[in-house]
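Chains as they are written, first to last, in the working numbering: chain A, 1 to 342; chain B, 1001 to 1342. The block underneath contains the structure these notes are about, expressed in structure tokens.
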DNA sequence: GGTTCTTAGTAAAACGTTTTAATGGCTTTT
DNA sequence: AAAAGCCATTAAAACGTTTTACTAAGAACC
């Protein structure tokens, strides 16, 4: 008789709590949110009722009323070919992991949105209060979709041309560090292997590289590969390049998937790393470290970057402010076997 | 004059669309969901109205009505000490990355819930339709919290003792593969370094190891370390063990964070890997690969596991069924320098 | 030609919160 | 002692959907 009903018992609502505590629904709401004072006596009755009934608020209902979803989303706009496979655990996920923790500390949860074919789908199907966009290209589809929908968005990317909310990465510094290091390691004729898209990383690395070349009196050798071609594309392109123009004594290859291809190409030509060729990449992730020898790379302090981005986003959601940007910590060189003593 | 208004223009609602299309709200709803037939002519008027107004449904409202949040959550219940640092990008994130894609394909989004201090907080603050729980220990707090709330939950873990919904991993096979391989690589006195918690991985590896010992006539040497002690704990413990009992010629150390500690201990004793000691770990992640030499490990097919788990969860949410389990693909050995030719 | 079926649509209820405006009781001020 | 303030509380409105019960108009049946 007093047994729990077998039917999937309906969850208690705020009304049930109110009734049991002998107050009105509004008071229960106030007791929960603390937005208005409630008498300490009734407060006690309410909390008693709450865990007597095992009440847990219906978030959808709350969200409808408050207009908040209680979540933020992190987007990867990277082409699938680059973000897939081993690299999937790279850049984006490292940021995501750290952002998830920060989000939690700010009482929101993190939605992980993978690169998908149809960006519009994601936005129509999923509700969130703000978005973090990681290294979008200049013409990123999400960027305008989010802007059109009025969703606060913080971009992790370059300082220039960027919308109001951003954590700016110093790409110029990244490229400089790596170029300088290659020179210091003894490379006198090193080349650049980079992606084709309008991503800041590609553009600025090319700029800095060509600047360095003229400073050093070195003839620029650049291979540009569509991101979609990925590892195999880089390997093929470099092999062709070496066959026609000879081997460089260093390669700067910012995209880690392509770095793997570069290493394969060097191996197939019998070129020893680091003895004959030095190799450096940008992101110090799984790929960089699982090469033999492991690749020199940069510590981008992504955990800190993620923390900053989350904080910025949450602040903006709460305050409505929409024009702040902070700069990420300076990248630091991580010297590994591919440019140093093995 | 034709500029966008400065005020944060209210989003169009289904009523606005209905009015513009000259129909009722209910019809618009049906047109969107396809749950009922609507005349192709009115259908056209409605879609026209929709993108004339830039209407996008309010997910919170829909969620309240349907009782669906449109999200599933993935939980890490691993102690922070183990899940932090380099390992954060490991096991859990690899599953999460793949689950995010699968989730998207099933029209739900994935919430990434990091290990936090107060599990109850997460459940009170975040709404989701189902949960994926990765390798919970037997007394995992989330397990009962989720069950109490009636949230469909699929566990990725061992076959025994597990609740209704599960993707079962074959721990016995994992342990066997690694033990056999160590023996084949020439190890005659290899030890086990493992964690203390009631996690299936710990328990079953210990079982299999001791079984193997008696089969082989090998005296078992086991070091058990609290997970919280992590890398440093493993290093200290192994150093002490070697000092008092001499060096083994092989180490099976399932938890990758501890494997790093083990390698450090071996180095500090001047023991060459793989010449004097073979080392194998379980999860083939960043840590295993960035050791020198890289560690032999297992391909656990985590992408496939994640896909299965997501599918299972979505099915259960939709059908209400709550008692299925599928088995993960068999693990496969990945031989690396730490047990083979360098 | 009356009855029953289908079809495409509508109006209104319901979902569970938060918020707004109103209320009654009590204390303080004049 | 009346007026004015404050306090804790309440009833009801509002949020934007989906769903339910109902209707009107033809089509089909006999």
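In this text, a Cβ means the ideal position worked out from N, Cα and C, and glycines have one as well.
Could you confirm whether any beta carbon from chain A is found closer than 8 Å to the beta carbon of residue i?
i: residue 1028 of chain B; result: no
i: residue 1226 of chain B; result: no
i: residue 1081 of chain B; result: Because the pLDDT of residue 1081 of chain B is 48, which lies under 50, any placement of that residue in the model is unreliable, and the number read from its coordinates should be weighed accordingly. Closer than 8 Å: no.
i: residue 1056 of chain B; result: yes
i: residue 1172 of chain B; result: no
i: residue 1282 of chain B; result: no
i: residue 1005 of chain B; result: Bear in mind that the predicted position of residue 1005 of chain B carries a pLDDT of just 39, short of 50, making it too unreliable to give a figure here.
i: residue 1002 of chain B; result: Its pLDDT being 36, under 50, residue 1002 of chain B is placed unreliably in this model, and the value from its coordinates should be taken loosely. No, residue 1002 of chain B does not count as interfacial toward chain A.
i: residue 1263 of chain B; result: no
i: residue 1050 of chain B; result: no
i: residue 1063 of chain B; result: yes
i: residue 1286 of chain B; result: yes
i: residue 1059 of chain B; result: yes
i: residue 1127 of chain B; result: yes
i: residue 1071 of chain B; result: yes
Which residue's Cα is closest to the Cα of residue i: the options?
i: residue 1201 of chain B; options: B:1277, B:1169, B:1258; result: B:1169
i: residue 302 of chain A; options: A:327, A:51, A:319, A:47; result: A:327
i: residue 1130 of chain B; options: B:1013, B:1149, B:1140, B:1138; result: B:1149
i: residue 271 of chain A; options: A:242, A:14, A:206, A:66; result: A:242
i: residue 1114 of chain B; options: A:97, A:118, A:115, A:114; result: A:97
i: residue 1043 of chain B; options: B:1155, B:1023, B:1229, B:1210; result: B:1023
i: residue 340 of chain A; options: A:140, A:152, A:292; result: A:292
i: residue 1011 of chain B; options: B:1048, B:1039, B:1057; result: B:1057
i: residue 1121 of chain B; options: A:105, A:48, A:155; result: A:105
i: residue 1275 of chain B; options: B:1260, B:1289, B:1288, B:1249; result: B:1249
i: residue 222 of chain A; options: A:289, A:262, A:210; result: A:210
i: residue 1050 of chain B; options: B:1032, B:1260, B:1245; result: B:1032
i: residue 46 of chain A; options: A:66, A:203, A:15; result: A:15
i: residue 1137 of chain B; options: B:1152, B:1125, B:1163; result: B:1163
i: residue 1212 of chain B; options: B:1183, B:1240, B:1230; result: B:1183
i: residue 185 of chain A; options: A:277, A:61, A:147; result: A:277
i: residue 1324 of chain B; options: B:1153, B:1261, B:1143, B:1181; result: B:1153
i: residue 1205 of chain B; options: B:1118, B:1255, B:1237, B:1101; result: B:1255
Please check the pair residue i and residue j, which I expect to be a contact at CB under 8 Å, by giving their CB distance rounded to whole angstroms.
i: residue 1191 of chain B; j: residue 1251 of chain B; result: 6 Å
i: residue 91 of chain A; j: residue 285 of chain A; result: 7 Å
i: residue 20 of chain A; j: residue 52 of chain A; result: 7 Å
i: residue 253 of chain A; j: residue 273 of chain A; result: Incorrect: roughly 12 Å between the Cβ atoms, too far for contact.
i: residue 123 of chain A; j: residue 145 of chain A; result: 6 Å
i: residue 1338 of chain B; j: residue 1310 of chain B; result: That pair is no contact at about 33 Å.
i: residue 199 of chain A; j: residue 218 of chain A; result: Not a contact, Cβ separation roughly 25 Å.
i: residue 1174 of chain B; j: residue 1331 of chain B; result: 5 Å
i: residue 111 of chain A; j: residue 72 of chain A; result: 7 Å
i: residue 95 of chain A; j: residue 305 of chain A; result: 7 Å
i: residue 1231 of chain B; j: residue 1260 of chain B; result: 5 Å
i: residue 1333 of chain B; j: residue 1177 of chain B; result: 5 Å
What residues match up with residue i in a beta bridge as DSSP calls it?
i: residue 75 of chain A; result: A:113, A:133
i: residue 325 of chain A; result: A:166
i: residue 278 of chain A; result: A:250
i: residue 1194 of chain B; result: B:1224
i: residue 283 of chain A; result: A:298
i: residue 1153 of chain B; result: B:1131
i: residue 334 of chain A; result: A:297
Taking Cβ positions, are residue i and residue j nearer each other than 8 Å?
i: residue 1059 of chain B; j: residue 34 of chain A; result: no
i: residue 298 of chain A; j: residue 282 of chain A; result: yes
i: residue 226 of chain A; j: residue 196 of chain A; result: yes
i: residue 1193 of chain B; j: residue 1234 of chain B; result: yes
i: residue 1245 of chain B; j: residue 290 of chain A; result: no
i: residue 30 of chain A; j: residue 38 of chain A; result: yes
Counting only C-beta atoms, is residue i closer than 8 Å to chain B at any point?
i: residue 326 of chain A; result: no
i: residue 299 of chain A; result: no
i: residue 119 of chain A; result: no
i: residue 289 of chain A; result: yes
i: residue 151 of chain A; result: no
i: residue 314 of chain A; result: no
i: residue 93 of chain A; result: yes
i: residue 124 of chain A; result: yes
Is the beta carbon of residue i within less than 7 Å of some heavy atom of the ligand ADP?
i: residue 1050 of chain B; result: With respect to the ligand ADP, the structure offers nothing, as it holds no ligand at all.
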